[in-house]
Amino acid sequence: MHPSLAPYYSFFGPALDKSRDPFAQDVQIGPSAAFERLQTAGCTLATQEWVDNHWSLILWKLAGLAYLQPEREWYDDQKRWCWDEVYRQLLYRYERELNQGVRPPLRMIATQDAPSVSPMVLCISDILWLPQRSQLDGKLNDRVAELEVTDGWYKIRAQIDAPLMRAINKGKLKVGRKIAVVNAKLDSERKDPQEILEAYGSIKLVLSGNSSHLAPWHAKLGFQTDLPIATMSSLTRDGGMIAAMDLVIAFPIAYFEFVYEGDKKVNNGPLNEQEESRLCDQWQVKHPNIFIAQRKREHEHSKLRENLEKTFRRYAGYAERLERKAGSNFRPSEAGPPDRIDDLYDQLEEPEDAVSVISRVSSSDAGWLAMRIRHQMEKQQETMSEEIDKELNDICPPRDVRSFRVLVVKDARSGRKPANREAQLTVWDVLNVHLAEGRRAGSFQVGECCRVTHLQPTQPSAWMDSSPGAQIFMSTTRNTRWTKLRPTRRET
3 MHPSLAPYYS FFGPALDKSR DPFAQDVQIG PSAAFERLQT AGCTLATQEW
53 VDNHWSLILW KLAGLAYLQP EREWYDDQKR WCWDEVYRQL LYRYERELNQ
103 GVRPPLRMIA TQDAPSVSPM VLCISDILWL PQRSQLDGKL NDRVAELEVT
153 DGWYKIRAQI DAPLMRAINK GKLKVGRKIA VVNAKLDSER KDPQEILEAY
203 GSIKLVLSGN SSHLAPWHAK LGFQTDLPIA TMSSLTRDGG MIAAMDLVIA
253 FPIAYFEFVY EGDKKVNNGP LNEQEESRLC DQWQVKHPNI FIAQRKREHE
303 HSKLRENLEK TFRRYAGYAE RLERKAGSNF RPSEAGPPDR IDDLYDQLEE
353 PEDAVSVISR VSSSDAGWLA MRIRHQMEKQ QETMSEEIDK ELNDICPPRD
403 VRSFRVLVVK DARSGRKPAN REAQLTVWDV LNVHLAEGRR AGSFQVGECC
453 RVTHLQPTQP SAWMDSSPGA QIFMSTTRNT RWTKLRPTRR ET
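With the sequence shown counted from 1, adding 2 to any position gets you this note's numbering.
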């Protein structure tokens with residue numbers, strides 16, 4: 003049975019007036035009759051659209067259960083392909099969603115009350131083939147499809163990439179298959195939140211192959227607590243971001259130095275630690291003035307901080323004098339300060355002008371100006387370190403060096419396919435990675451297992467197939483996070 007055919011199914015059930023006429027014959031009950039029965043039972047929050055949606059998904063689920071355990075359909079007290087079970091499921095969904103307010107995942111995503119990037123298990127309810135378009139030479143483009151996926155409660159369209167399209171063509175993705183997805187994007191024609199029953203044609207999820215994989219038939223639909231862990235055998239060069247992997251790691255540290263050749267920024271590397279130390283010494287000899295300035299960085303830092311603190315003390319004195327002039331009776335109004343307060347604040351920059359401003363302002367303006375000074379001082383104190391660093395970089399330009407490490411990694415776990423591949427993983431800003439206390443930043447040990455998130459495929463033309471010894475290439479991103487795992491035997 004296909005979900006799109008469910009609205010045309012009906013069941014025999016008791017008539018509404020059966021209690022008054024015990025001899026009344028059973029009647030056919032479809033979606034419209036089901037809505038009337040819910041209204042009669044006091045389920046006034048249900049609409050016909052809500053019933054139509056859940057009717058299709060309930061019947062699809064019950065048809066699958068009946069196919070799985072056909073022997074139960076022989077017994078009236080166990081059968082599930084019947085009106086009584088459909089009605090019971092409708093009442094359960096009404097009570098849970100509309101009465102208790104427990105909204106399903108796709109409805110929360112449509113209303114933008116839950117992030118679409120969360121891990122989910124969804125079921126493919128339909129494959130929608132889009133119209134083919136003609137190219138300039140008159141030939142038709144390759145067929146392109148969208149998925150319709152469901153969380154068991156609602157349906158939404160899903161845009162797919164090339165690897166998922168290939169999976170459809172190979173028959174790996176079909177109606178009824180469950181897929182675990184993460185990092186899905188919500189593509190909406192409107193910025194405002196929408197109710198999912200009204201937004202079927204205007205919103206869709208955008209799925210990528212490397213962040214999706216087949217889920218077991220018994221997997222529970224909806225949000226998941228754990229990220230789906232990818233293995234190298236499932237990755238493709240054009241499959242987009244990789245949500246998470248469990249890896250076994252090893253290899254030495256390296257550096258890139260970014261230098262300018264004219265107006266063009268190029269990198270010099272990769273460099274190991276010895277080469278980087280040698281180039282650092284050469285750079286200090288080549289740029290003695292900058293090196294001297296760099297050695298004086300602490301002195302300059304103290305000087306800049308002292309100047310800023312001197313300015314803060316001066317403005318704090320202005321605020322105290324203005325607060326005394328405003329007196330205890332000053333009460334700021336809800337209308338806010340007069341427009342002239344900003345001009346008065348600008349005149350405080352020179353100490354000579356500040357004395358004149360403070361002496362001539364009214365008590366009301368004095369109160370507003372004191373508040374303006376206090377507020378501005380708080381903002382400047384929050385950004386003081388950034389301002390000092392900015393000025394220091396102008397005085398003493400630092401070398402533009404970014405640390406990285408190339409790790410040869412293998413799967414710490416594998417699925418049904420053998421773990422033939424290994425990867426070269428470029429870890430950017432490796433000195434920011436701390437895996438254990440007491441160890442040097444950016445250090446790894448041979449055989450160490452880590453869970454790594456948000457990886458990006460690189461060098462797509464150099465990716466090899468899944469034969470033994472094949473290599474693939476990946477790199478970390480700004481969102482990459484590292485978690486050290488307990489050493490375990492690799493799953494096979």
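Positions of the beta carbon are idealized from the N, C-alpha and C atoms, including for glycine. Remember, predicted model here, so these are calculated numbers, not experimental data.
Distance from the CA atom of Glu384 to the CA atom of Ala372, rounded to whole angstroms, is 19 Å. Going by C-alpha positions, Leu175 is about 30 Å away from Lys81. For Phe14, the beta-bridge partners assigned by DSSP are Gln30.
Taking a cut-off of 8 Å for Cβ pairs, the stretch 48 to 64 and the stretch 85 to 94 touch, as three or more such pairs fall below it. Non-local beta-carbon contacts of Tyr347 in its own chain, meaning distances under 6 Å to residues more than five positions away in sequence, involve Arg374 in chain order. In the DSSP assignment, the residues bridged to Leu427 are Leu409, Met476.
DSSP places Met167 inside the alpha helix (DSSP H), whose first and last residues are 164 to 171. Closest in C-alpha terms to Gly449, from the list Ile251, Ile360, Gln458, Arg315, comes Ile251.
Counting only runs that start and end inside the stretch 432 to 478, the beta strand (DSSP E) elements of at least 3 residues fall at 450 to 459, 473 to 478. Taking the CA atoms as reference points, Thr478 sits about 16 Å from Ser445.
DSSP places Ala221 in no beta strand (DSSP E); its state is neither H nor E. DSSP, reduced to helix, strand and coil, places Gln102 outside both helices and strands of the structure shown, so it counts as coil.
Asp248: member of the beta strand (DSSP E) spanning 244 to 251, first to last residue. In the DSSP assignment, Asp189 forms a beta bridge with Lys206. Non-local beta-carbon contacts of His377 in its own chain, meaning distances under 8 Å to residues more than five positions away in sequence, are absent.
In the three-state reduction of the DSSP assignment, Gln161 falls in the strand class, which pools E and B. Put simply, the stretch 101 to 115 does not touch the stretch 162 to 170. Fewer than three CB pairs are less than 8 Å apart. Per DSSP, reduced to three states, the secondary structure at Val119 is coil, with no helix or strand assignment. Between the stretch 455 to 471 and the stretch 430 to 437 there are fewer than three C-beta pairs closer than 8 Å, too few to call the two in contact.
Taking the C-beta atoms as reference points, Asp163 is found no nearer than 7 Å to Ser236. Distance check between Pro195 and each of Ser214, Thr113, Ser213 places Thr113 closest, using alpha-carbon atoms only. Secondary-structure assignment with DSSP links Asp128 through a beta bridge to Glu150. Non-local beta-carbon contacts of Ala368 in its own chain, meaning distances under 6 Å to residues more than five positions away in sequence, involve Leu324, Lys327, Ala328 in chain order.
Assigned with DSSP and collapsed to three states, Trp484 falls in strand. The three-state secondary structure of Ala182, taken from DSSP, is strand.
Distance from the CA of Lys412 to the CA of Asn422, rounded to the nearest whole angstrom, comes to 9 Å. In this structure, DSSP gives Ala321 a helical state, which the three-state scheme calls helix. Ser366 is the residue among Glu75, Ser366, Asn331, Pro353 whose C-alpha sits nearest the C-alpha of Gly338. His4 and Cys84 have their C-alpha atoms some 17 Å from each other. DSSP, reduced to helix, strand and coil, places His377 within a helical segment of the structure shown. Contact between Asp248 and Arg415 holds, since their C-beta atoms are separated by about 5 Å, short of 8 Å. From the listed residues Trp57, Pro165, Pro353, Phe406, the smallest Cα separation to Gly32 is found for Trp57. Taking C-beta atoms under 8 Å as the contact rule, Ala245 and Val184 qualify, at a distance of about 4 Å. For the options Tyr320, Leu124, Glu380, the alpha carbon positioned closest to that of Val363 is the one of Tyr320.
Your pair Pro230 and Pro121 checks out as a contact, with CB atoms roughly 6 Å apart and the cut at 8 Å. The alpha-carbon separation between Gln30 and Glu87 amounts to approximately 15 Å.
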